[in-house]
Amino acid sequence: MERPFLVYTTFPDAETALAVGEELVRAKLAACINVIPGMRSVYAWKGAVEHGSEVVAIVKSREGLAQAVAAELKARHPYETPFILPLAIAEADPDTAAWILSETGAPG
Numbered sequence: 001m002e003r004p005f006l007v008y009t010t011f012p013d014a015e016t017a018l019a020v021g022e023e024l025v026r027a028k029l030a031a032c033i034n035v036i037p038g039m040r041s042v043y044a045w046k047g048a049v050e051h052g053s054e055v056v057a058i059v060k061s062r063e064g065l066a067q068a069v070a071a072e073l074k075a076r077h078p079y080e081t082p083f084i085l086p087l088a089i090a091e092a093d094p095d096t097a098a099w100i101l102s103e104t105g106a107p108g
């Protein structure tokens, strides 16, 4: 059975993350996206140390869609270089895995 996987990414605000997440869910590329507001970031960008406010987004999908999810995130993301970190899942609750697999795949 194909395994679920997660993608950790960040967005400038919750509205953007939710809009992109809804597009991924409607396209059956993701079963769910969790958006966690209130993150403060310190990061290196083009030779400078920057500070900013962001939201974390966790995309729940399946391994076979990893490249498609990354491509859609890049295409829809407002950042010049979006942070897209696929996270392989070694094990998942069978009911959770079945739900993710049933909600992703061919658009219905």
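All residue numbers for the sequence shown refer to the numbering used here, where the first residue is 1 and numbers rise by one. All residues carry an ideal CB built from backbone N, CA and C; glycine is no exception.
- How many whole angstroms separate the CB atoms of Ala-30 and Lys-60, which I take to be in contact at a CB cut-off of 8 Å? 6 Å
- Task: Verify the CB distance criterion: does Asp-13 have a CB-CB separation below 7 Å to chain D?
- Result: The structure shown contains no chain D, having only a single protein chain.
- Message: Quick check on the burial criterion: 16 or more other C-beta atoms within 10 angstroms. Buried or exposed for His-51?
- Response: exposed
- At least three beta-carbon pairs within less than 8 Å, the segment 85-93 to the segment 42-51: no
- Taking buried to mean at least 16 other C-beta atoms within 10 Å of its own C-beta, is Pro-4 buried or exposed? buried
- Can you say whether Gly-38 is buried or exposed, counting buried as having 16 or more other CB atoms within 10 angstroms of its CB? exposed
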